[in-house]
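Colleague: Let me give you the structure first, and then I'll get to my questions.
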Amino acid sequence: MSSFSYQQQRTTNTDATATGTHYISSSGSKSISSEKYILQQLQLQQQRSSLERATAVGLYAKRLNNSAAMCVEIGEHDKAIASLAKALRLCELHENKEDDDDEQPCLCYSCSLDGCIAYSEYNSNLAESIEEEQQDSNAIHNAHKKSSKNMIHDHDDPDCGHIYRRPIRIPPQSIQEHHPMGSTLPLIITFNLALVHHLSIVIKGDSNDLDFKNKRRTSINNTLQLYQLTNKWQLQYKSESQSLSQSQSHHESSDDDDSSHCDGDDDSIMSIDSEEEYQDQDTLTRKMDSVRFNMIICNNLSHLYRLVDDDTKSKQCLENLLSTVMLVVDNNNKHTDTVTASSSNYQNNSNVIIANDIDIDFEYCDDEYDNDSQDALQYQSQQTQQSQVQAQRTSFIEVEGFLQNASTIIFEQGQQHADAA
């Protein structure tokens, strides 16, 4: 065999070996990529199924809470307690699932404490009518009608004042659209559980029987713990909100100092992302920090402390309630003035827009434009009305029912000054 033939054969064998090696490595890489893809799909499927289970658990807990709220309002307290206890257990399971899936709580108004309270107070007409029928058929209850639709009077102990008695429901939007509510849901359920125990204590009244007194005292202590737990959560989120505001102001001042030294698109993008993150966190904490909810807790805690003869803590709760009511009344007055001024400005602006449209229509005589302008004006009017309604929801806070309890502090202080004089 010539040297040329030998060299050609050797080159052919080398090429074949390289081709085979490349085929094997290519097949191996394809196999590895396929395995990674299958693994990713399995992980996504597991996450999806886990999220679906968590959503179903949260949905069931919301429905149990609303069912229990109806039971509270018609006097079926034992059924309400059973449903709320089950809902709390589901919330614990749901919370663990949310931690695993990193699901972010919804920030809409319907999922906030204020939104749930406003919905509950506005949409209780059915239970209200049922209770009125029961009161009309019982002459004893007619002598103790409540001063507000959300309050009830403790007729066994008139000195203890009025109790907030409206359970908190979850709005339909949050249920139907499967909104994750985060910590707001267990907070509401815990409050409702405290409330139903509280109402049971008031309805059962007191007795001279020693065994009954011991059971009543135990029930009062358990109810106090539930209220204190909800109050602790409120203070915790309020503290987080304040620290967040301080951190945000410090962050903004740092950005102002850095802006004089560095410019660029990347810095502006990072600043925007940080600002949006702070806004989301601030909204998340504010949705749990409800002034009206704090008033409710202070009011009902004061009543329970009076039942166990702890006048010091009862007075402290009433003082907190009074200071909050004073701030709320001042805020409501400012809000009323703002809404009145906004309505007046909107009416004046509408007249100017209509006048301009008349001039334009006179100049061009265009019917199509006239129709479009009317549609635009109607749309603008609807949007303005919706924004005003939303402003009233979030800014105006009802204090009816709390004033009478809070005013006892003013009366006691006035009596003390009179005695001292």
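Residue numbers in the sequence shown follow our numbering, run continuously in steps of one, and reach 448 at the last position.
Don't be surprised by glycine CBs; every beta carbon is placed ideally from N, CA and C.
Quantities reported herein were computed from a predicted structural model and do not represent experimental measurements.
(1) Measure the beta-carbon distance from Thr339 to Gly188 and round it to whole angstroms, keeping in mind my assumption that it falls under 8 Å.
(2) Looking at the structure shown, is Met208 part of a helix, part of a strand, or coil, going by DSSP?
(3) Please return the same chain residues whose Cβ sits closer than 7 Å to the Cβ of Phe429, not counting the five positions on each side in sequence.
(4) By a C-beta neighbour count over all protein chains shown, 10 Å radius and 16 as the cutoff for buried, is Ala83 buried or exposed?
(5) Look up Ile101 in the DSSP assignment and say whether it is helix, strand or coil.
(6) Apply the 10 Å Cβ neighbour rule to Arg196 and answer buried if 16 or more other Cβ atoms are within range, or exposed otherwise.
(7) Are the CB atoms of Tyr254 and Ile179 within a distance shorter than 7 Å?
(8) Give the DSSP-derived three-state secondary structure of Ile215 in the structure shown.
(9) Examine the Cβ distances between the region 129-148 and the region 222-230 and report whether three or more of them are shorter than 8 Å.
(10) Do three or more CB pairs link the region 205-218 to the region 229-245 at distances below 8 Å?
(11) Excluding the 5 residues flanking Met297 on each side, which residues of the same chain have their C-beta closer than 8 Å to its C-beta?
(12) Can you say whether Asp357 is buried or exposed, counting buried as having 16 or more other CB atoms within 10 angstroms of its CB?
(13) Have a look at Gly142 and Asp238 and give me their C-alpha separation to the nearest angstrom.
(14) With the cut-off set at 7 Å, would you say Ala95 and Leu115 are in Cβ contact?
(15) Do you know offhand how far Leu328's Cα is from Ile65's?
(16) Which residues in the same chain as Val99 place their Cβ atom closer than 6 Å to its Cβ, once the five residues preceding and following it in sequence are excluded?
(17) Look up Gln197 in the DSSP assignment and say whether it is helix, strand or coil.
(18) Comparing alpha-carbon positions, which option in Asn150, Lys113, Gly85 and Arg243 lies nearest Gln203?
(19) Please classify Pro198 as buried or exposed, where buried requires at least 16 other C-beta atoms within 10 Å of its C-beta.
(20) Cutting at 6 Å between CB atoms, please list the residues of its own chain near Ser201, excluding the five before and the five after it.
Modeller: Let me lay it out:
(1) Not a contact, Cβ separation roughly 17 Å.
(2) coil
(3) Met322, Asn326, Leu348 and Val352
(4) exposed
(5) coil
(6) buried
(7) no
(8) helix
(9) no
(10) no
(11) Because the pLDDT of Met297 is 43, which lies under 50, any placement of that residue in the model is unreliable, and the question is left without a value.
(12) exposed
(13) 42 Å
(14) no
(15) 57 Å
(16) Ala107, Pro194 and Val223
(17) Per the sequence shown, residue 197 should be read as Ile rather than Gln. In the structure shown, Ile197 sits in coil (DSSP, three-state: anything other than H, G, I, E or B).
(18) Gly85
(19) buried
(20) Ser137 and Cys138
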